[in-house]
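Q: Numbering (full-length UniProt numbering), first residue to last: 1 to 315.
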Amino acid sequence: APQLTPLRVAHASASSMIQSHPPWSAPRLLAGTRFGTRRSAASRLGLVRAARPVIALAGVAALTLASALIVLCRSYAGHRQAPFDDRAYSLQGLTEDLSGGSLAFPGGDRALSSGAGVLVLWDTEYTTWEGAHQRRWRGPGEAREVVQIAAIKVNASDGYRELASFSALVKPVKNPQLSAYFTALTKITQQEVDKGGRSFDAALSAFAQFAEGGTLPAWGYGTSDAAVVEETARVQGVAYSRESRFAGGGLHNLRPILQRCGLEPHKWTSGSIHRALGIDLGKDHVHNALFDVRSLRATLAELQKRKAKDAKCGV
1 APQLTPLRVA
11 HASASSMIQS
21 HPPWSAPRLL
31 AGTRFGTRRS
41 AASRLGLVRA
51 ARPVIALAGV
61 AALTLASALI
71 VLCRSYAGHR
81 QAPFDDRAYS
91 LQGLTEDLSG
101 GSLAFPGGDR
111 ALSSGAGVLV
121 LWDTEYTTWE
131 GAHQRRWRGP
141 GEAREVVQIA
151 AIKVNASDGY
161 RELASFSALV
171 KPVKNPQLSA
181 YFTALTKITQ
191 QEVDKGGRSF
201 DAALSAFAQF
211 AEGGTLPAWG
221 YGTSDAAVVE
231 ETARVQGVAY
241 SRESRFAGGG
251 LHNLRPILQR
261 CGLEPHKWTS
271 GSIHRALGID
281 LGKDHVHNAL
291 FDVRSLRATL
301 AELQKRKAKD
311 AKCGV
């Protein structure tokens, strides 16, 4: 004989009830009448008892559906609340040193402080399409290629005063045609890239030269910019190694330091983090790499003023 499980019992009870009491008779059944015939209290009690498994099953189904809806709503809310480009991607083979805020690059053990002297703040813009961020650039043909590299030299010992700037447009190879989404986001046009863009190798060499042959420590907002540089080199077949390009100064991550200073980097992009401190940079041009690094500079300068006596902040 088949095993009688609660589900089988509920199914049998439900089938029996439906056969004897069609759905259209439900209102009268609940009222204690069927086709004008008065039912006894015992009959009504039997009906209620027969319906209990069905009611319980319906309750379980309702709770399951409600739980699924809650999970979906929370997931949707998380996507809606996250910044568009939080750049929180890990760089394969590298680890963040949350105590020092540096990556495990050669030369990456230098600390960022008011006595750090001259250093470089850098940022990139790279190919993207609508929804690519949520897909982690795993859609058909989606590869992250650098389109802009920008950097500024600053003197941390002098309030992060800007000393020099660098910006280069780069021609992508795998996807040479910029998406309308990318242009709307960055304001970088196809014509500008076609006319003034360099090869990736030439732009990267110029950036390393700007960093004084890679001897100056280069600080970025997270690890994704370094990851995109490596991805671009791989996609385009360009010989690249961190050791040869940035052996002296290393590449470093500002996010842990900003977090220690009381900010929440996951809520801001490199170009908007200054707003967390109420800084007004005039007309924002977020997602232009040169504007973004100046946003970082303004943030560090303000933190240095506010946190001068806070050793934990260390800017």
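All residues carry an ideal CB built from backbone N, CA and C; glycine is no exception.
Using a Cβ-Cβ cutoff of less than 6 angstroms, which residues in the same chain neighbour Ala208 once the five nearest sequence positions on both sides are dropped?
A: In the sequence shown, counting from the first residue as 1, residue 208 sits at position 208. Hits under 6 angstroms: Gly214 and Arg245.
Q: If I'm right that Ala150 touches Asp194 with Cβ under 8 angstroms, what's the distance once you round it to whole angstroms?
A: For the purposes of this step, residue 150 is taken as residue 150 along the sequence shown, with counting starting at 1. For the purposes of this step, residue 194 is taken as residue 194 along the sequence shown, with counting starting at 1. Between Asp194 and Ala150 the Cβ distance is about 19 angstroms, and since that is not below 8 angstroms, they are no contact.
Q: Leaving out five residues before and five after Leu185 in sequence, what residues of the same chain have Cβ atoms less than 6 angstroms from its Cβ?
A: Start at 1 with the first residue of the sequence shown, and residue 185 comes out as number 185. Contacts found: His287.
Q: DSSP on Thr128, reduced to helix/strand/coil?
A: For the purposes of this step, residue 128 is taken as the residue at position 128 of the sequence shown. It is coil, neither helix nor strand.
Q: What are the start and end residues of the alpha helix (DSSP H) that includes Ile257?
A: What you label residue 257 is simply residue 257 of the sequence shown in a count that begins at 1. That run of the alpha helix (DSSP H) goes Arg255 to Arg260.
Q: For a test of the three-state rule: what should DSSP assign to Glu230, helix, strand or coil?
A: By 1-based counting over the sequence shown, the position of residue 230 is 230. DSSP places Glu230 in helix when its eight states are reduced to three.
Q: Confirm, please, whether the CB-CB distance from Val228 to Val146 is below 8 angstroms.
A: Numbered from 1 along the sequence shown, position 146 holds the residue referred to as residue 146. Numbered from 1 along the sequence shown, position 228 holds the residue referred to as residue 228. For Val146 and Val228, yes; Cβs fall inside 8 angstroms.
Q: May I ask which residues mark the beginning and end of the beta strand (DSSP E) holding residue 318?
A: Since the displayed the chain opens at 1 and closes at 315, residue 318 lies outside it and no answer follows.
Q: Give me the Cα-Cα distance between Ser295 and Lys174, rounded to the nearest whole angstrom.
A: The residue labelled residue 295 in the question sits at position 295 within the sequence shown. The residue labelled residue 174 in the question sits at position 174 within the sequence shown. Rounded to the nearest angstrom, the two C-alpha atoms are 30 angstroms apart.
Q: Pull up the distance between the alpha-carbon of Trp219 and that of Gln191, whole angstroms please.
A: Along the sequence shown, read from residue 1 onward, the residue named residue 219 stands at position 219. Along the sequence shown, read from residue 1 onward, the residue named residue 191 stands at position 191. Approximately 30 angstroms between the Cα atoms of the pair.
Q: Mapping DSSP to helix, strand and coil, what is Gly220?
A: Position 220 of the sequence shown holds residue 220. Reduced to three states, the DSSP call for Gly220 is strand.
Q: How far does the alpha helix (DSSP H) with Gln177 in it extend, from its first residue to its last?
A: Position 177 of the sequence shown, counted from the start, is the residue given in the question as residue 177. Per DSSP, Gln177 belongs to no alpha helix (DSSP H) and is neither H nor E.
Q: Hey, quick one: how far does the alpha helix (DSSP H) through Val193 stretch, first residue to last?
A: Position 193 of the sequence shown, counted from the start, is the residue given in the question as residue 193. Here the alpha helix (DSSP H) through Val193 covers Gln190 to Gly196.
Q: Residue range of the beta strand (DSSP E) that Ala202 falls in?
A: Residue numbering aside, residue 202 sits at position 202 when the sequence shown is read from its first letter. That residue, Ala202, is in no beta strand (DSSP E); its alpha helix (DSSP H) goes Phe200 to Phe210.
Q: For Ile279, which three-state DSSP category applies?
A: The residue you call residue 279 lines up with position 279 of the sequence shown. In the structure shown, Ile279 sits in coil (DSSP, three-state: anything other than H, G, I, E or B).
Q: With DSSP as the reference, identify every bridge partner of Asn155, one or two as the case may be.
A: Mapped onto the sequence shown, residue 155 falls at position 155. In the DSSP output, where bridge partners are listed per residue, Asn155 has Val118 and Arg161.
Q: With distances taken Cα to Cα, identify the nearest neighbour of Val120 among Gly282, Tyr160 and Arg136.
A: On the sequence shown, residue 120 is found 120 positions in, with the first residue counted as 1. Minimum Cα distance to Val120 is reached at Tyr160.
Q: Would you please state the rounded distance, in angstroms, between the beta carbons of Cys313 and Leu303? I believe it to be under 8 angstroms.
A: As a working note, residue 313 is residue 313 in the sequence shown. As a working note, residue 303 is residue 303 in the sequence shown. With a Cβ gap of about 6 angstroms, Cys313 and Leu303 count as contacting.
Q: Please check the pair Gly249 and Ala211, which I expect to be a contact at CB under 8 angstroms, by giving their CB distance rounded to whole angstroms.
A: The sequence position of residue 249 within the sequence shown is 249, counting from 1. The sequence position of residue 211 within the sequence shown is 211, counting from 1. Rounded, the Cβ-Cβ distance is 6 angstroms, consistent with contact.
Q: So, at 6 angstroms on beta carbons, what are the nonlocal neighbours of Glu96 in its own chain, with the 5 sequence-adjacent residues on each side left out?
A: In the sequence shown, counting from the first residue as 1, residue 96 sits at position 96. Unreliable placement is indicated for Glu96, whose pLDDT of 33 sits below 50; the coordinate value is still reported in the next sentence. Same-chain partners within the cutoff: Asn253.
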